[in-house]
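To keep things clear, I will list the structure first and then write my remarks on it.
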Amino acid sequence: MRLLERLSKPGKDGHLSGREKFFLALPIPASSLSNVLIHNVYIKLYTDIIGLSPVYVGLVYLVYNIWNFLNDPLIGVMIDRRKVDPRRGKFLHLMRVSVPFMLLCLVAMLFSQPSWPQWLIFAALLVELFIFDTFFTAYTVAANSLILVAAASKEERVDVNVIQAYVANIVSFFATLVPTFLLVGNREGSHTQIALILMGVVALNAGIYFWALRNLKDRPSYYALGNPEGSLSLNTLWADIKPLLGSRTFRTWAGYNLLALAPNAVYFTAFLYLMDHVIKTGGLEATLADVVPMLVVFALLPLMARFIKKEGGKKAILWGSLPYVLGHVWLFFTGSWLMVLLAYIPIMIGKYLMSTGGVPLGAALVDENERLTGTRKPGLIGALLALIAAPALSSQLMIFMGILEAFGYRAKAPVQTAQAVLGIRVGTAIVPIVFVLLGLIPLLRFPINREMEEELSQYSQQRRRGGAADAEEGLTGE
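Going by this note's numbering, the sequence shown opens with residue 781, and the numbers climb by one from there.
Written out as structure tokens, the structure is:
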């Protein structure tokens, strides 16, 4: 109720209104749905329905990692240094250009056929993933950069993230409801029928993109101070990167992002394999085990946000790691869908406390760098963090598929061996525990505490709102 009340209130003194926070929160859930479809739902479609070997899937993601290494920093710097168009704005226009290409790839991936040879399925998936990832990177860097300049305070950033969590999970529920029923306990399903139904999910995704981007604004005041200018070269790129590499704040935060929540990149994929081959349940039970824990999280999110604002992001992450680890220990030993449901309650509580707690810390890193250098570089910093985390994120699918292969998993087999079942348990439960414990090591050395969060939040508000009173006309980008 309090969240709804805040959404209905107008903004004061240059702060965001509830309505502005809501629409600022929409673009990321839209892209996260696309990401879930490709990196989770489609992967199980490719292995279990189309019949692509896990070895080929792992190879796709190996090449994908190399591509990320080459393009992510360049895209980030180019977005930072892009001039503000008086009519189209800066970040918003890039988001609108990227969406059609992402949707095209989502559709194209559904046309691979089980009758094709393995190399052709592999090649088609690889090319389509390359195109998707290039525009997905541009979109997400621009969207996150827009959030950081529009939501200038720590409190606004936490509020936007909480709204994102609600919207993303509501959207994901309806969007993944269909594939959960289609891909759990349905290894003999028709590829054509499944592909047509998934096209409906893509159409829903397109509608969310349209709704989100139509209602956003890109204001000149966001760029009045600290906006990088000048041509891009190796010298300017190194000049931007060098202070970051020498920053303890950046190095420790990058280390945490590299490790802690990386297994969440394949959370839904692992969940589908667990429910299908280990618990051996149907789509209804799998859906309940997926949805009910999130309903508990929904009820607790406002309390989490209040705790983060009061105690700081670092403490929230440390507290969140406890139920996250204990829930995965429980998950390893589960034998029924109800026990899976109960195990995912502490897992999801911990996950969202950690991810929401990380929002003000990541933003504080951008603010600290701006205070040090005089220019704001959310695109470069976001791209570098994504680049550093990419090997861990993308390799999660390689790790998971490699574990399945090592333990004897066989695609399309009606029943998996006991050893293969153990491999699924290891990939689903043990791997996340190892990664989060490793990720907490650099976090403990992360220098931004609650007091410094507040200081940098005040600095950000002064830069975005105190120095741009003469530039309040909105750019619609129409």
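Think of the CB as a built atom: it goes at the ideal place given N, C-alpha and C, for glycine as much as any other residue.
Quick caveat, the model's predicted, so the values are computed rather than measured.
Could you check whether residue j and residue i sit closer than 8 Å to each other, using their CB atoms as the reference points?
i, j, result
"S1135", "L1025", "no"
"A1200", "F1187", "yes"
"V879", "Y919", "yes"
"D860", "K1157", "yes"
"T1032", "R1151", "no"
"L804", "A932", "no"
"A1163", "I855", "yes"
"V942", "L1081", "yes"
"F1180", "T1067", "no"
Enumerate in chain order the residues of its own chain whose CB-to-CB distance from residue i is below 7 Å, with the five nearest sequence positions on each side excluded.
i, result
"A822", "In the sequence as presented, Ala is not what sits at residue 822; that position holds Tyr. Once the five neighbours on either side are set aside, the close Cβ partners of Y822 are M889."
"A1123", "G1107, W1110, L1111 and T1114"
"V843", "L906"
"E1148", "T1029 and L1236"
"F915", "S878, F881 and M882"
"Y1239", "D1147 and R1151"
"F910", "W847"
Can you list, in chain order, the residues of its chain whose CB lies under 6 Å from that of residue i, leaving out five sequence neighbours each side?
i, result
"E1185", "P834"
"R1230", "G1092"
"P1043", "Q1176, V1211, P1212 and F1215"
"N949", "M1074"
"L1218", "L1039"
"D939", "K801"
Taking DSSP's pairing of strands, which residues face residue i in a bridge?
i, result
"G869", "D865"
Determine, using beta carbons only, whether residue i comes closer than 8 Å to chain C.
i, result
"N1229", "Note that chain C does not occur in the displayed structure, where there is just one protein chain."
Mark residue i as exposed unless 16 or more other C-beta atoms lie within 10 angstroms of its C-beta, in which case mark it buried.
i, result
"P1023", "exposed"
"A1251", "Confidence at A1251 is low in this model, with a pLDDT of 37, below 50, so its placement is unreliable and the value that follows should be read with caution. Its Cβ having fewer than 16 others within 10 Å, A1251 is exposed."
"K863", "exposed"
"I1221", "exposed"
"Q973", "exposed"
"G987", "exposed"
"A1143", "buried"
"D852", "buried"
"T1208", "buried"
"S788", "Its pLDDT being 45, under 50, S788 is placed unreliably in this model, and the value from its coordinates should be taken loosely. Per the 10 Å Cβ criterion, exposed."
"F1051", "buried"
"R1244", "buried"
"Q1241", "buried"
"Q944", "buried"
Within its chain, find whatever has a CB closer than 8 Å to the CB of residue i; leave out the 5 residues flanking it on each side and keep chain order.
i, result
"L872", "A922, L926, L993, L996, K997, D998, L1255 and G1257"
"L886", "S814, L817, I818, F912, V982 and N985"
"E935", "K1089 and S1237"
"L874", "I859, R862, A918, Y919 and A922"
"G1203", "I1183, L1184, A1186, F1187, G1188 and Y1189"
Would you mind giving the Cβ-Cβ distance between residue i and residue j, rounded to the nearest angstrom? I have them listed as a contact below 8 Å.
i, j, result
"A1034", "I1168", "5 Å"
"Y1132", "V1077", "5 Å"
"V837", "L1017", "Not a contact, Cβ separation roughly 33 Å."
"V1139", "R937", "5 Å"
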